[in-house]
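Please read the structure below before turning to the comments.
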Amino acid sequence: MTPSNQLTVLRIILTPVFVVLFLSESPTSRACAVIVFFAAAITDWYDGWVARTWGYQSRWGRFLDPLADKILSSAAFIAFMSVGLLPVWMVWIIVVRDISITLLRSYMEFQNKPITTTRGAKAKTFAQFTLIYYLLVLFGLRQFPVITSRIGGVINVLLSPTLIYIAMLLVTAATLWTGIAYLIDNLRHLFLPVGDNAEQ
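Using this note's numbering, you'd call the opening residue of the sequence shown number 1133 and step up by one each time.
Quick look at the structure:
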């Protein structure tokens, strides 16, 4: 297994560690969960850099890397849902869309019908992780009384249910829209002869 793929596997391994720590009732564990998530997110950038710089790019890596990303982001959304930060129906729309589209992309990759990620899909991923980082940082800060005693009011405003609902609604809409657009644009490529490249 190449070093870049090892980093990708590490990201997958760190995901359940993040979930267990985040769902713990211990403020220290939840703060550690934030650190674990950011460490996992860093491996996403680093494994891509290693693969490009040292020529470790492979079909297996192209399959595993996006899947690891979706496992990590889906775990974060489910963890937020479990503590009441996010609506259940929105979370499951995102999780089902992301995992199913990623598996479809991976299948087409192994069929020698690779599909280029659209700008809309990249923007969707950016929006998802921006929301995740936003919630993680604020939720992590709220675990420390020394911080909440000073800026607890500000944190509560930034974590207000209305604000989070609107932000999550926008992310969910973008996720659903890009998923539908992806299927419309690329489902026909499933029936192309093996080896034909699909472009968006």
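C-beta atoms are modelled at their ideal positions from N, C-alpha and C, and glycine is treated no differently.
Express the C-alpha separation of residue j and residue i in angstroms, rounding to a whole number.
i, j, result
"methionine 1133", "asparagine 1244", "21 angstroms"
"arginine 1251", "glutamine 1275", "36 angstroms"
"leucine 1139", "tyrosine 1178", "8 angstroms"
"tryptophan 1224", "arginine 1162", "23 angstroms"
"leucine 1146", "alanine 1172", "6 angstroms"
"isoleucine 1203", "proline 1293", "25 angstroms"
"phenylalanine 1261", "arginine 1282", "27 angstroms"
"aspartate 1201", "proline 1159", "26 angstroms"
"serine 1190", "valine 1286", "46 angstroms"
"arginine 1143", "threonine 1175", "6 angstroms"
"leucine 1217", "cysteine 1164", "19 angstroms"
"isoleucine 1264", "phenylalanine 1209", "7 angstroms"
"phenylalanine 1258", "glycine 1193", "21 angstroms"
"threonine 1280", "glutamate 1241", "48 angstroms"
"arginine 1237", "asparagine 1318", "10 angstroms"
"leucine 1291", "lysine 1254", "25 angstroms"
Quick one: grab the DSSP three-state call for residue i.
i, result
"glycine 1284", "helix"
"glutamate 1157", "coil"
"asparagine 1147", "As written in the sequence, residue 1147 is threonine, which differs from the asparagine given in the question. Threonine 1147 falls in the helix class under three-state DSSP."
"phenylalanine 1258", "helix"
"arginine 1217", "Inspection of the sequence shows that residue 1217 is occupied by leucine rather than by arginine. Coil."
"threonine 1250", "coil"
"phenylalanine 1169", "helix"
"threonine 1134", "coil"
"arginine 1274", "coil"
"alanine 1330", "Reliability of the predicted coordinates at alanine 1330 is poor, the pLDDT of 41 falling under 50, and the value obtained from them is presented with this limitation in mind. DSSP places alanine 1330 in strand when its eight states are reduced to three."
Which residues mark the beginning and the end of the alpha helix (DSSP H) in which residue i is found?
i, result
"arginine 1191", "1191-1214"
"leucine 1235", "1220-1242"
"methionine 1300", "1293-1318"
Just to check, is the beta-carbon of residue i closer than 8 angstroms to a non-hydrogen atom of the ligand ATP?
i, result
"proline 1293", "For the structure depicted, the ligand ATP is absent and the ligand set is empty, with no information on it obtainable."
Contact between the stretch 1222-1237 and the stretch 1297-1317: three or more CB pairs below 8 angstroms?
yes
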